[in-house]
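In the numbering used here, the protein residues as written are 7 to 450. Data block below; observations after.
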Amino acid sequence: MTVFLKILQLVLALSVLILIHEAGHFLWARIFRIRVEKFYLFFDMGGVKLFSTRMAWFKKLVPSSEKWETEYGIGWLPLGGYCKISGMIDESMDTEALRQDPQPWEFRTKPAWQRLFVMSGGVLNNFFLAIVLFIAILAAWGDNYMPNESPVYVNELGERLGFRTGDRILLYDDYAPTDFLNLQADLARRQVQKATVLRGTDTLAIYIDQSLTGEILNTPGMFDIALPFVVDSVMLSSPNRLSGIRTGDRIVGVCGMETPYLQDAQKLLRAHPGESLPVAVVRAGDTLSLTMQVDTLGMLGVFFRNPSLKHRDYSLPQAVPAGCSLAWSTVTGYLRDLRLVATPSTGAYKSVGSFVAIGQVFPASWNWHQFLYILALLSIMLGVMNLLPIPALDGGHIVFCLYEMITGRKPGDRFLTVAQVIGMLLLLLLMFLAFGNDISRLIH
7 MTVFLKILQL
17 VLALSVLILI
27 HEAGHFLWAR
37 IFRIRVEKFY
47 LFFDMGGVKL
57 FSTRMAWFKK
67 LVPSSEKWET
77 EYGIGWLPLG
87 GYCKISGMID
97 ESMDTEALRQ
107 DPQPWEFRTK
117 PAWQRLFVMS
127 GGVLNNFFLA
137 IVLFIAILAA
147 WGDNYMPNES
157 PVYVNELGER
167 LGFRTGDRIL
177 LYDDYAPTDF
187 LNLQADLARR
197 QVQKATVLRG
207 TDTLAIYIDQ
217 SLTGEILNTP
227 GMFDIALPFV
237 VDSVMLSSPN
247 RLSGIRTGDR
257 IVGVCGMETP
267 YLQDAQKLLR
277 AHPGESLPVA
287 VVRAGDTLSL
297 TMQVDTLGML
307 GVFFRNPSLK
317 HRDYSLPQAV
327 PAGCSLAWST
337 VTGYLRDLRL
347 VATPSTGAYK
357 SVGSFVAIGQ
367 VFPASWNWHQ
377 FLYILALLSI
387 MLGVMNLLPI
397 PALDGGHIVF
407 CLYEMITGRK
417 PGDRFLTVAQ
427 VIGMLLLLLL
437 MFLAFGNDIS
447 RLIH
């Protein structure tokens, strides 16, 4: 059931994104009176279609569809979608029409500035969708965030880099990180050379080994929040309801060993499931000794305080600029990710994933908040990817339009055809890399 729900969310999200993207091309083409021959969700490779407005049963059902210029349909291959615009060299590689005399309704007869809008329409729609979704999310649910005000609890990789549990990160080079949850991502994305930390009362500089960037990207949990184990409440079913533990008590030792942070205590407790252990507790400045029962899962049955998580509500007028700001920061973050992927020495290319990796991001149960947030992120990813100056993508066509507007010379049809083939080969290689990475992750 979990796998089915993830697949359902993936297909729904991709369908929405493809329709929104292709609608951008379609609408600008119609604004400039350019004929759109086909508008398809998914690819009808080999002419195989799940649905088409040219099918006999649909024409009987909607007789007026005989007069429609555009064929609307659903293909069988869920790897994208497309608008087939008259007089344009696209992924269909249909160059037959180009051998005919140019017609006034064709893409190739329109001025470069109009073609630029047509090719940019999909990307603009993706960014607009992300902004609208972020505004709606912030207005409806607000925002949970963790300010960078707490010390870090580091794993083995963090220690190799020079960080220590209890450090508070102040600066990455000249950048002051504000979101604790993005500390690890910022460290990799910004290719930080020097981190400035507060250790005790001393301010130290840690110089980052750039050869470990790939490990930073692929080792989750390098920075956890170093939380003191302060009791918030005791569960009704807890074996320690009568142990004497109280709200506000701070557990600082287990079995005679110091546990300054929650994670330290958890490690010791999990090593003694089902046992009664001596626990040192600080209460109002005094240190007390209690005996507490550890359950079979290695827990005490108490809730702990997490003072670092903050919530912020937004009115609709407040959500508009905040949503735009969130969209912009997401775009810049993704651009930094692409820069890392394009730098082989970082090993970031190993984290590139296909639809398999994207599907795993969706939650195991339906959650509108998470679904819409992931949809907004994917919309930005699709928009940024399509801006890459690869001929088979919108970005390649945009570059050719800009070149023509600047130089006054239009690239020839033969050049555009060859460039399209090269671009499609590059995309196929990227697709093989993504699927290969996914298969490797599943195996290991």
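The C-beta atom is built at its ideal place from N, Cα and C for all residues, glycine as well. This structure is a prediction, so every number in the text was calculated from the model and none was measured.
Q.
For L378 and A142, which I take to be in contact (beta-carbon distance under 8 Å), what is that distance rounded to the nearest angstrom?
A. 7 Å
- Item | K200 in three-state terms, based on DSSP | strand
- Query: Of all the beta strand (DSSP E) runs that stay within the bounds of the region 277-341, which reach a length of 3 or more residues?
  - Reply: With a minimum length of 3 residues, the unbroken runs of beta strand (DSSP E) contained wholly in the region 277-341 fall at 282-289, 292-299, 308-310, 316-318.
Go to G401, then tell me how far its alpha helix (DSSP H) extends in each direction, as first and last residue.
400-413
Exercise. Using 10 angstroms around the beta-carbon of W34, count the other beta-carbons present and answer buried if the total reaches 16, otherwise exposed.
Key: buried
Excluding the 5 residues flanking L388 on each side, which residues of the same chain have their C-beta closer than 7 Å to its C-beta? L23, H27, N132
What residues match up with L210 in a beta bridge as DSSP calls it?
V203
Query raised in the report: Grouping DSSP H, G and I as helix and E and B as strand, with all else coil, what is K416?
Result: coil
Residues bridged to C89 by DSSP? F45
Exercise. Below 8 Å on the Cβ atoms is my guess for F310 versus D238; work out the distance and round it to an integer in Å.
Key: 6 Å
Among E221, H278, L381, R415, the one whose alpha carbon lies nearest that of M305: H278
Output the boundary residues of the beta strand (DSSP E) element that contains D215. Here D215 belongs to no beta strand (DSSP E), and DSSP marks it neither H nor E.
Q) On the three-state DSSP scale, how would you describe G353? A) coil
| task | List the DSSP bridge partners of F57. | result | Answer by DSSP bridge pairing, in chain order: I80.
- Cβ-based neighbour list, T59, same chain, cut-off 7 Å, excluding 5 preceding and 5 following: S71, W74, E77, Y78, G79
| The alpha helix (DSSP H) with I396 in it runs from where to where? | Boundaries cannot be given for I396, as no alpha helix (DSSP H) includes it and DSSP labels it neither H nor E.
>> Can you find the residues in the same chain that come closer than 8 Å, C-beta to C-beta, to I212, ignoring five residues on each side of it along the sequence?
In response: L167, G168, F169, K200, A201, T202, V203
Note to self: Pull the bridge partners of G227 from the DSSP assignment, please.
What the structure shows: Looking at the DSSP assignment, G227 forms no beta bridge with any residue, so it has no partner.
- Should N161 and L189 be called a contact, given that it needs their Cβ atoms to be closer than 8 Å? no
- Option nearest D319 by Cα separation, candidates L394, G148, Q269, V424: For D319, the closest of L394, G148, Q269, V424 by C-alpha to C-alpha distance is G148.
### Message
Cutting at 7 Å between CB atoms, please list the residues of its own chain near I428, excluding the five before and the five after it.
### Response
P397
Give the DSSP-derived three-state secondary structure of L431 in the structure shown.
-> helix
Checklist entry - Taking C-alpha atoms, which residue in P108, L341, E264, V337 lies nearest to V6? => result This structure leaves residue 6 out entirely; the chain is present only between 7 and 450.
Practice prompt. Determine the DSSP secondary structure at I222, reduced to helix, strand or coil.
Written response: helix
* With 16 other CB atoms within 10 Å as the buried threshold, where does R195 fall? -> buried
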